[in-house]
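Data block below; observations after.
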Amino acid sequence: PAPITCTGLARIHDNGVMALDPLDLTFAPGRTTALIGPSGCGKSTLLRLIAGLDRPTAGEVLIAGLPPARQAAQGAIAMAFQDPSLLPWLTLRRNIALARKLARQPANPGLVDRLIGLVGLEGFHETRPAALSGGMRQRAAIARALVTQPRVLLLDEPFGAVDELTRRQLARDLPPLWQPLGTTTVLVTHSVDEAVLLSDRILVLSPRPARVVADLAVPLPHPRA
Ligand code: ADP
Ligand code: ADP
């Protein structure tokens, strides 16, 4: 289990934009938190800092007591962002299998196959990304993130291009994959629906620089349709 703590976290981008005010936040291990807030308030910035993709201007992020870069190097952090960036020359199956290899984990073809089915891409194992729709590529990215069975899962608008019905199915089918692993999940979304379906906590952020204006518990059991 990997708690995430953000202490005095601030980020001023290279162009001088202050994306985060000093922000103190804790994400409890095994919980799923949705971040919602106006466009441009700093949600993606926060996610990138947690992922170790950007450095804070001040303050720090610790994941189970270690800097994100250390956890990432151990393959403990998985991400699915809006733009799935699958490797175009690899089949779906190989794209997903590669994530385990990059995380220095042993191959697990059974898990790869199961995840492809669970995200509704049965029959597309040997298809290359260009032949998949935008929504299908996003679902592939989610399978790729889950195949490493990460301690921390970061999702940035992962269902933006997924149609409404499929989105509901995913909201029902996916959390049972990461919940038993004790994965700490942070989800950025514009959809209150998605936040309520997927998460057990919703943080509402202010316009930039992001501050927490509401910290809401989503009652269990989830009202999953
Ligand atoms: P959100 O995800 O909530 O829409 P972002 O974190 O993407 O917000 O952006 C917060 C603010 O920082 C915005 O004003 C955005 O334009 C700016 N910003 C984001 N990334 C960069 C960057 N790499 N360089 C400069 N400014 C950036
Ligand atoms: P398979 O066992 O189905 O051939 P692999 O998982 O071994 O698939 O490899 C899938 C593809 O990923 C191969 O084309 C291989 O060249 C490529 N690949 C494997 N490891 C790496 C790596 N560390 N960096 C970049 N590409 C890699």
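Under the UniProt record's numbering, the letters of the sequence shown match residues 6 to 230, in that order.
Yeah, the Cβ is synthetic: ideal placement off N, Cα and C, and Gly gets one too.
Fair warning: this is a prediction, and the values are worked out from it, not measured in the lab.
Have a look at Leu-25 and Arg-60 and give me their C-alpha separation to the nearest angstrom.
Walking along the sequence shown from the start, residue 25 turns up at place 20. Walking along the sequence shown from the start, residue 60 turns up at place 55. Looking at the two C-alpha atoms, the distance is approximately 12 Å.
Using only CA atoms, which one of Gly-139, Ala-136 and His-195 lies nearest to Leu-160?
For the purposes of this step, residue 160 is taken as the residue at position 155 of the sequence shown. Looking at the Cα atoms, His-195 is the closest of the given residues.
Strictly closer than 5 Å from CB to any heavy atom of ligand 1: give me those residues in the order they appear in the chain.
His-18, Asn-20, Val-22, Ala-24, Ser-44, Gly-45, Cys-46, Gly-47, Lys-48, Ser-49 and Thr-50
Looking only at its chain, what residues have a beta carbon closer than 7 Å to the beta carbon of Thr-153, apart from the 5 residues adjacent to it on each side?
Locating residue 153 in the sequence shown gives position 148, counting from the first residue. These residues qualify, in order along the chain: Gly-80, Ala-83, Ala-104, Arg-105, Ala-108 and Gln-110.
Rounded to whole angstroms, what is the Cα-Cα separation between Ala-230 and Arg-75?
Taking the sequence shown and counting its residues from 1, the one referred to as residue 230 is at position 225. Taking the sequence shown and counting its residues from 1, the one referred to as residue 75 is at position 70. Bear in mind that a pLDDT of 41 at Ala-230, under 50, signals an unreliable position, so the number given afterwards is only what the model happens to contain. Cα-Cα distance, rounded: 38 Å.
Span of the alpha helix (DSSP H), counted from its first residue to its last, around Gly-64:
In the sequence shown, residue 64 corresponds to position 59, counting from 1. Here Gly-64 belongs to no alpha helix (DSSP H); instead the beta strand (DSSP E) covers 63-68.
Measure the alpha-carbon distance for Gly-165 versus Arg-53 and round it to whole angstroms.
Stepping through the sequence shown from its first residue, residue 165 is reached at position 160. Stepping through the sequence shown from its first residue, residue 53 is reached at position 48. Approximately 18 Å between the Cα atoms of the pair.
Hey, out of Met-23, Gly-13, Leu-40 and Pro-8, whose CA is closest to Ala-222's CA?
Within the sequence shown, numbered from 1, the residue matching residue 222 stands at position 217. When each option's Cα is compared against that of Ala-222, the closest is Leu-40.
Specify the secondary structure class of Thr-153 as computed by DSSP and reduced to three states.
Within the sequence shown, the letter at position 148 stands for residue 153. Thr-153 falls in the coil class under three-state DSSP.
Alpha helix (DSSP H) runs contained entirely in the segment 35-107, provided each spans 4 or more residues:
48-56, 73-78 and 97-107
Residues of its chain near Gln-87, where Cβ-Cβ distance is below 7 Å and the 5 sequence neighbours each way are ignored:
Position 82 of the sequence shown, counted from the start, is the residue given in the question as residue 87. Counting only Cβ-Cβ distances below 7 Å, and skipping sequence neighbours, we find Asp-161, Glu-162 and Gly-165.
Let me know if Ser-44 comes out buried or exposed under the rule of 16 or more other beta-carbons within 10 Å of its beta-carbon.
As a working note, residue 44 is residue 39 in the sequence shown. By the 10 Å Cβ count, Ser-44 comes out exposed.
Under a Cβ-count criterion, where at least 16 other Cβ atoms within 10 Å of its own Cβ denotes burial, should residue 316 be classed as buried or exposed?
Absent from the structure is residue 316, since the part of the chain shown begins at 6 and ends at 230.
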